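Asker:
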Amino acid sequence: MSSTQLFRVSGISLLLGALLSLIAALLSFFVNLSFTAPPATFQSPLWSTHYSLSFASIALTVIGLPAFYLRMRGQRGDRLGFFGLLFIVFGTFLILGMAGYFVSVLPLVAAKAPQILTATLVSSGFGIFPLGGTLLLTIGTILLGIAVLRAKVFPALVGILLLVWTVLNLANFFLQSGLPATLVGLLSAIAWAGAYGWVGLMLVQQSGTTAAEAAYQPQTALR
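Numbering (this note's numbering), first residue to last: 18 to 240.
See below:
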């Protein structure tokens, strides 16, 4: 695959991931996403749809991340960006595992053996997925956001949105459920989609430009 195709595909992947994350956030107004929700909630089509969209959104974002990093390679903060990328990828694997479980296994458990739902989610060590995923994503996104600000290849607002997302995502994690959590989750999704969608659009528009060329054309890179 040529560099032009790589950046174009990665950009499209980030754009699609951003769009799906917004749709999933809007669906959260219509379904209880708490682990302590009634068993019937886990069997709801909206529950599976929400986490299926979240799964697809995160997977598409991860596909686009290497090209995101390559745009900053050789610039200030590229090492921070590299380690941020690693943390995000590892954290994403945990979150994808959680989302996959919620879509494929949890509805079956709720239907066939609702009496073991609590043990499945609380006493089985399942908490490592949301806890570990949130921690790694937070660390990775902070590093990536700082790298974006230092590299100055992308608009500074991209880095700011990434840092804002870490704060909102942590707040949403501790709020867990209720209207405040849903609203914070929507704001978090907007920050996520704004940052990665913007980068995706730039990658599509600049798909024929190498990272080194972009460094010599700062005005073009900021459009």
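Even glycine gets a Cβ: it sits at the ideal position worked out from N, Cα and C. Treat the numbers as computed from the prediction; the structure is a model and nothing was measured.
Just verifying my parser: in three-state terms, what is the DSSP assignment at residue 50?
Answerer: coil
Asker: Would you grab the beta carbon distance between residue 210 and residue 35 for me? Rounded to a whole angstrom, and I think it's under 8 Å.
Answerer: 4 Å
Asker: Could you check if residue 148 is buried or exposed, using at least 16 other CB atoms within 10 Å of its CB as the buried criterion?
Answerer: exposed
Asker: Buried or exposed: residue 84, going by 16 or more other Cβ atoms within 10 Å of its Cβ?
Answerer: buried
Asker: Note down the Cα distance separating residue 124 from residue 168, rounded to an integer number of angstroms.
Answerer: 45 Å
Asker: Give a yes or no on whether the C-beta atoms belonging to residue 62 and residue 134 are separated by under 9 Å.
Answerer: No, the Cβ-Cβ distance between residue 62 and residue 134 is not below 9 Å.
Asker: Quick one: what does DSSP say residue 55 is sitting in, helix, strand or coil?
Answerer: coil
Asker: State the CB to CB distance for the pair residue 206 and residue 102, rounded to an integer number of angstroms; the pair is presumed to be in contact (CB under 8 Å).
Answerer: Going by Cβ atoms, the distance from residue 206 to residue 102 rounds to 21 Å, so no, they are not a contact pair.
Asker: State the DSSP-derived secondary structure class of residue 223, mapped to helix, strand or coil.
Answerer: coil
Asker: State the DSSP-derived secondary structure class of residue 195, mapped to helix, strand or coil.
Answerer: coil
Asker: Measuring CA to CA, which of 180, 26, 31 and 25 is closest to residue 215?
Answerer: 31
Asker: Can you tell me which of 204, 178 and 192 puts its alpha carbon nearest to the alpha carbon of residue 166?
Answerer: 178
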